[in-house]
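Novice: Heads up, the sequence shown is in our numbering, so the first residue is 277 and it goes up one at a time.
Virtual Cβ for every residue (Gly too), placed ideally from N, Cα, C.
Structure provided below as structure tokens; questions to follow.
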Amino acid sequence: MIRILLSGFMFLATTHLIAQSNIDSITSARTAEMKKLAVQWSRGGYTNDSAFVAEHSDSPGFRPAIFHQGTFPAFSDKAFLSARRGDVLGPFVSGNRMGIYRFVKSDRRSDSAQVTHIWVADKTSPGRPDGITRTKRQAKQRADSICNEIHSGRVLIENIVESLTDDPGSLTGNKGNYGWFTSESGFVEAFKTAGLTMPVDSTFVIETEFGYHVIQVEARTKEYQCCHAWEIVRTIDSCFGADGVARTFPAQFKGGPAALKLFVQKNALRGESTESDPPNEALVVVWFTVEMDGTLSGIEVQSAEYLDAGLVQESIRIVELLPAWEPAHTCDGPVASRCMLVLFY
């Protein structure tokens, strides 16, 4: 039975020109829209900032973004660095994006850090190892005791990690140090904040939803004055991506991938080889052009000379049977595009 593994495309023509007056008009309209939204945000009357962002942003985040020198939205450094909690800033334009921001707090932090840590779980900790029966109170006492031993100078944290931690990942030779991490890394927020803000060589205990952690900060990169803010971003002109490059929307089989899969399955033959029996498994990549009117042309099988002739012929036959597609298009109208089907026999 033949199956479709994937489909892809590349564009033959993706030019999109728009008059500067139109760009200015679109930007002006978006600015007015975002200013009105900023006023609404300032006045409150919603559940919380996270919900407001989720409702109004093209790219909603689940926690405040962190900005520092070099990463602030264009021409907004002064506004961020002088803001107070709750201030709504913007709109600011960066490329094809416009954003407004609700200031949360500022602090000094590095953009990356390394720590050594010992996880002390309790019997309610998610992902805890089997056999953990200590209560949360007992876990806190254990973590504080370990931290005090390190502060005394009698032991080094790296020498006791493997005997005391409840983290299986720290028993693989890293001794509780997972290397450099940033605010975008997958650790829980309290863990990352501690590593990125506390002094190098400091040792302390923090609590997260996983229990308690004894952490020693080993190294940090350059420290910045950072601003935390919720952000609502909107695309200025939907004809362009966030990077300002004109968008081309791909060609599609009418009815979508499910309809395409069904069409292929209904029209596929078993496919007898003209040279030998077809292999049990074979991948055949078929390229074709979807013209501006949706018709198909230029059908060719990639590396046909290395494939079973019967499978090549069958793959071409299937593509030749395909009805007209919805052509690729820009905001100016349809364009021709080079498309691909990967058929698995």
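Which same chain residues end up closer than 7 Å to residue 609 when comparing Cβ atoms and leaving out the 5 residues on each side of it in sequence?
Specialist: none
Novice: Closest to residue 543 by CA distance: which of 534, 573, 597 and 570 is it?
Specialist: Among 534, 573, 597 and 570, the Cα nearest to that of residue 543 is on 597.
Novice: Determine the burial state of residue 372: buried for a count of at least 16 other Cβ atoms within 10 Å of its Cβ, exposed for fewer.
Specialist: Using a 10 angstroms sphere on the CB of residue 372, the tally of other CB atoms reaches 16 or more, which defines it as buried.
Novice: Which residue's Cα is closest to the Cα of residue 482: 545, 440, 420 and 566?
Specialist: It is 420 whose Cα lies nearest to the Cα of residue 482.
Novice: Just checking my contact of residue 355 with residue 493 at CB under 8 Å: how many whole Å lie between their CB atoms?
Specialist: With 8 Å as the limit, residue 355 and residue 493 do not qualify as a contact, their Cβ atoms being about 31 Å apart.
Novice: Please state if the CB of residue 612 and the CB of residue 599 are separated by a distance shorter than 9 Å.
Specialist: If you check the CB distance, residue 599 and residue 612 do not come in under 9 Å.
Novice: Going by C-alpha to C-alpha distance, which of 328, 394 and 515 sits closest to residue 506?
Specialist: Cα-wise, what sits closest to residue 506 is 328.
Novice: Between 565, 582 and 508, which lies nearest to residue 335 when the distance is taken from Cα to Cα?
Specialist: 508
Novice: Kindly provide the ranges of any alpha helix (DSSP H) runs that are 4 or more residues long and lie completely inside the region 580-610, ordered along the chain.
Specialist: 585-597
Novice: Helix, strand or coil: which one does DSSP assign to residue 541?
Specialist: If DSSP states are grouped into helix, strand and coil, residue 541 belongs with the helices.
Novice: With three or more beta-carbon pairs closer than 8 Å as the criterion, would you say the region 352-370 touches the region 440-449?
Specialist: no
Novice: Would you list, in sequence order, the uninterrupted beta strand (DSSP E) runs of no fewer than 3 residues that lie entirely inside the region 382-451?
Specialist: For the beta strand (DSSP E) assignment, the uninterrupted runs of no fewer than 3 residues enclosed by the region 382-451 are, from N- to C-terminal side, 389-396.
Novice: Using a Cβ-Cβ distance cut-off of 9 Å, determine whether residue 537 contacts chain B.
Specialist: Among the chains of the structure shown, chain B does not appear; only one protein chain is present.
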